[in-house]
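Asker: After the structure tokens below, expect a handful of questions from me.
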Amino acid sequence: MQRTVLITGGAGFIGTHLARLALAAGHRVRILDNLSPQIHGADPDYRPPAGAEFMRGDVVSRADLTAALDGVEAVVHLAAETGTGQSMYEIERYYRVNVQGTAVLFDILANGPHQVGAVVLGSSRSVYGEGAYICNVCSPEGRRCYPEPRTPEQLAQNRWSPSCPVCGEPVDAVATCEGDRLSPASVYAASKLAQEDLVRVNCRALGVQPVVLRFQNVFGEGQSLKNPYTGILSIFSTRIRLGLSLPIFEDGEETRDFIHVEDVAQAILAGLNPRPDIKDTINVGSGEATTIMAVARLLSATLGGTVEPHVTAQYRVGDIRHNWADVARLRQLTGGARISLEEGIRRFAAWVATQPIPPDLLEQANAELKARGLMG
Ligand SMILES: NC(=O)c1ccc[n+]([C@@H]2O[C@H](COP(=O)([O-])OP(=O)(O)OC[C@H]3O[C@@H](n4cnc5c(N)ncnc54)[C@H](O)[C@@H]3O)[C@@H](O)[C@H]2O)c1
Numbered sequence: 003m004q005r006t007v008l009i010t011g012g013a014g015f016i017g018t019h020l021a022r023l024a025l026a027a028g029h030r031v032r033i034l035d036n037l038s039p040q041i042h043g044a045d046p047d048y049r050p051p052a053g054a055e056f057m058r059g060d061v062v063s064r065a066d067l068t069a070a071l072d073g074v075e076a077v078v079h080l081a082a083e084t085g086t087g088q089s090m091y092e093i094e095r096y097y098r099v100n101v102q103g104t105a106v107l108f109d110i111l112a113n114g115p116h117q118v119g120a121v122v123l124g125s126s127r128s129v130y131g132e133g134a135y136i137c138n139v140c141s142p143e144g145r146r147c148y149p150e151p152r153t154p155e156q157l158a159q160n161r162w163s164p165s166c167p168v169c170g171e172p173v174d175a176v177a178t179c180e181g182d183r184l185s186p187a188s189v190y191a192a193s194k195l196a197q198e199d200l201v202r203v204n205c206r207a208l209g210v211q212p213v214v215l216r217f218q219n220v221f222g223e224g225q226s227l228k229n230p231y232t233g234i235l236s237i238f239s240t241r242i243r244l245g246l247s248l249p250i251f252e253d254g255e256e257t258r259d260f261i262h263v264e265d266v267a268q269a270i271l272a273g274l275n276p277r278p279d280i281k282d283t284i285n286v287g288s289g290e291a292t293t294i295m296a297v298a299r300l301l302s303a304t305l306g307g308t309v310e311p312h313v314t315a316q317y318r319v320g321d322i323r324h325n326w327a328d329v330a331r332l333r334q335l336t337g338g339a340r341i342s343l344e345e346g347i348r349r350f351a352a353w354v355a356t357q358p359i360p361p362d363l364l365e366q367a368n369a370e371l372k373a374r375g376l377m378g
């Protein structure tokens, strides 16, 4: 079914890919985005995809959001502050944009006439925190357990691996399912979980279809090269191009699930027309765990970098050790991710090579954390 779709944050990384795909699928697309300087730079040169309507505005502004919702039949809510580390000291800002922005959206829908039949939320795997593990000592039969977040003291002793919450022995990470425990470890993650709750509670009350998509680590062409607070591959690409060292936190063996942005945009598009047999909360990942060291090496080799990544044993408070997705529900929705990590990195590297090299701001971002005792 073709609809008039509002994409909040639609000028961003994921929103831009989605807008193009939605237009190609015959949807009418409106984008509401404030072109945040942290992401777009002080002097943004954003041009919306041909055929999309662009409104520059803020999701926390009732007037901007009311105007943007006029005639809209489905909302994809992507506008957000997205830096995990930064969220730990810009708490009010993260809650204002992520939580208050979502509250304003539903306040408008609850109090006025509207035609919105579906809301798709771009949520995050961060809502799980550490995700699911198995303790072979306590549970040889493989029952899942949920380690507590690693403490600053534990990290300071370079004890990177979470331990069993019952016996304290080392545990093995497993793919995280949508029904696993939710345990945000950062302010960003807490704000994404609050968004999820607002979407579910209000959609139920309003008779609107909710779809909550929990993205893993999204990468690909168009990810902001200006934002030093998020997007590990974008940050690394700049350092590789500048010939700077490639510092890897902890021991480099921490894992993430990398999914190419085109696969994410496909999942959102499918979420606009969900089938009744599919659940409303869906992990969006590749289903594969990749160590940070491995992805850094792959990116450096693909970009022709000359500097080897090296582990620093540094860490950030609020970071998790492992997380990758159980993608059974995503397979039902879209057939699953199609772009391999290698292919995605090739595409990303080819795009990066066409972009001006931005200044490297990683050390500045790390200094902000260190100054507040949030990085060791
Ligand atoms: N990229 C990832 O790896 C990832 C992973 C998990 C979840 N997500 C979620 O996906 C969504 C999109 O992420 P992205 O990677 O495209 O981020 P992005 O930073 O590239 O895009 C976000 C967009 O939102 C806009 N924005 C920020 N504050 C706004 C406000 N107050 N009003 C209007 N617009 C505002 C920004 O200008 C930007 O264009 C976010 O909600 C994020 O939490 C992303």
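When you line the sequence shown up against this note's numbering, it's residues 3 to 378, in that order.
Quick reminder that beta carbons are idealized off the backbone N, C-alpha and C, glycines included.
Nothing here was measured: the structure is a model prediction, and the numbers come from that model.
1) Less than 9 angstroms separating the beta-carbons of Glu198 and Val263?
2) Does the beta-carbon of Pro50 have 16 or more other beta-carbons within 10 angstroms, so that it is buried, or is it exposed?
3) In whole angstroms, give me the CA-to-CA distance for Ile16 and Cys205.
4) Find out if the Cβ-Cβ distance for the pair Val1, Gly254 is shorter than 9 angstroms.
5) Using the C-alpha atoms, what's the distance from Asp60 back to Asn36?
6) Just to check, is the beta-carbon of His42 closer than 8 angstroms to a non-hydrogen atom of ligand 1?
7) Can you tell me whether Arg374 is buried or exposed, with buried defined as 16 or more other CB within 10 angstroms of its CB?
8) Return the residue from the list Ala367, Thr84 and Gly11 that minimises the CA-CA distance to Pro230.
9) Spell out the partners DSSP gives Arg30 in its beta bridges.
10) Which residue's Cα is closest to the Cα of Ile280: Val176, Gln88, Leu215 and Asp321?
11) Could you tell me the boundaries of the alpha helix (DSSP H) in which Ile234 lies?
12) Short of 7 angstroms in beta carbon distance, which residues of its chain neighbour Arg430, apart from the five on each side in sequence? Order them along the chain.
13) Just to check my reading of the structure: Tyr190 and Ser288 have Cβ atoms closer than 8 angstroms, yes? What is that Cβ distance to the nearest angstrom?
14) I'd like the span of the beta strand (DSSP E) that includes Asn368, first residue to last.
15) Can you list, in chain order, the residues of its chain whose CB lies under 6 angstroms from that of Asn160, leaving out five sequence neighbours each side?
16) Nearest to Ser125 by alpha carbon, out of His19, Leu195 and Leu67?
17) For Ala296, does the three-state DSSP call read helix, strand or coil?
18) Have a look at Ile234, Ala21 and Val7 and flag the residue whose alpha-carbon is nearest the alpha-carbon of Ile250.
19) Does the count of Cβ pairs from the segment 70–90 and the segment 111–122 closer than 8 angstroms reach three?
20) Please work out which residues of its chain come closer than 6 angstroms, Cβ to Cβ, to His29, disregarding the five sequence neighbours upstream and downstream, and give them in chain order.
21) Does the Cβ of Phe108 lie closer than 8 angstroms to at least one heavy atom of ligand 1?
22) Only counting the same chain, and skipping five residues up and downstream in sequence, which positions put a Cβ closer than 8 angstroms to that of Val168?
23) Should Asp182 go down as buried or exposed, given a rule of 16 or more other Cβ atoms within 10 Å for buried?
Answerer: Reading from the atomic positions:
1) Locating residue 198 in the sequence shown gives position 196, counting from the first residue. Locating residue 263 in the sequence shown gives position 261, counting from the first residue. The Cβ atoms of Glu198 and Val263 do not sit closer than 9 angstroms to each other.
2) As a working note, residue 50 is residue 48 in the sequence shown. Buried, by the Cβ-count rule.
3) Within the sequence shown, residue 16 is the residue found at index 14, counting from 1. Within the sequence shown, residue 205 is the residue found at index 203, counting from 1. Their Cα atoms are separated by approximately 23 angstroms.
4) The structure shown does not extend to residue 1, since the chain is modelled only from 3 through 378, so no value can be given for it.
5) On the sequence shown, position 34 is the one that residue 36 refers to. On the sequence shown, position 58 is the one that residue 60 refers to. Their backbone Cα atoms lie some 5 angstroms apart in a straight line.
6) Within the sequence shown, the letter at position 40 stands for residue 42. The nearest non-hydrogen atom of ligand 1 is less than 8 angstroms from the C-beta of His42.
7) Here the question's residue 374 lines up with position 372 in the sequence shown. Arg374 should be labelled exposed.
8) Looking up residue 230 in the sequence shown gives position 228. Looking at the Cα atoms, Ala367 is the closest of the given residues.
9) For the purposes of this step, residue 30 is taken as the residue at position 28 of the sequence shown. The partner list for Arg30 (beta bridge, DSSP) reads Thr6.
10) Mapped onto the sequence shown, residue 280 falls at position 278. For the options Val176, Gln88, Leu215 and Asp321, the alpha carbon positioned closest to that of Ile280 is the one of Leu215.
11) As a working note, residue 234 is residue 232 in the sequence shown. Looking at the DSSP string, the run of the alpha helix (DSSP H) that includes Ile234 is Ile234 to Leu244.
12) Since the first residue of the chain shown is 3 and the last is 378, residue 430 is not available in this structure.
13) Counting from 1 along the sequence shown, the entry for residue 190 is found at position 188. Counting from 1 along the sequence shown, the entry for residue 288 is found at position 286. Cβ-Cβ separation between Tyr190 and Ser288: approximately 21 angstroms, too far for a contact (criterion under 8 angstroms).
14) As a working mapping, residue 368 is identified with position 366 in the sequence shown. Segment Leu364 to Ala373 is the alpha helix (DSSP H) holding Asn368; no beta strand (DSSP E) there.
15) Along the sequence shown, read from residue 1 onward, the residue named residue 160 stands at position 158. So the qualifying residues of the chain are Ala315.
16) As a working mapping, residue 125 is identified with position 123 in the sequence shown. Minimum Cα distance to Ser125 is reached at Leu195.
17) In the sequence shown, the residue the question calls residue 296 occupies position 294. Ala296 falls in the helix class under three-state DSSP.
18) Sequence index remark: in the sequence shown, residue 250 carries index 248 (1-based). Closest by alpha carbon: Ile234.
19) yes
20) Against the sequence shown, residue 29 aligns to sequence position 27. So the qualifying residues of the chain are Gln4, Arg5 and Val7.
21) Residue 108 sits at position 106 when you count from the first residue of the sequence shown. No, since every heavy atom of ligand 1 falls outside the 8 angstroms radius drawn around the Cβ of Phe108.
22) Numbered from its first residue, the sequence shown carries residue 168 at position 166. Excluding positions up to five away in sequence, the list reads Cys137, Cys140 and Cys147.
23) Here residue 182 is taken as the residue at index 180 of the sequence shown, counted from 1. For Asp182, the number of other beta carbons within 10 angstroms of its own is at least 16, and it is reported as buried.
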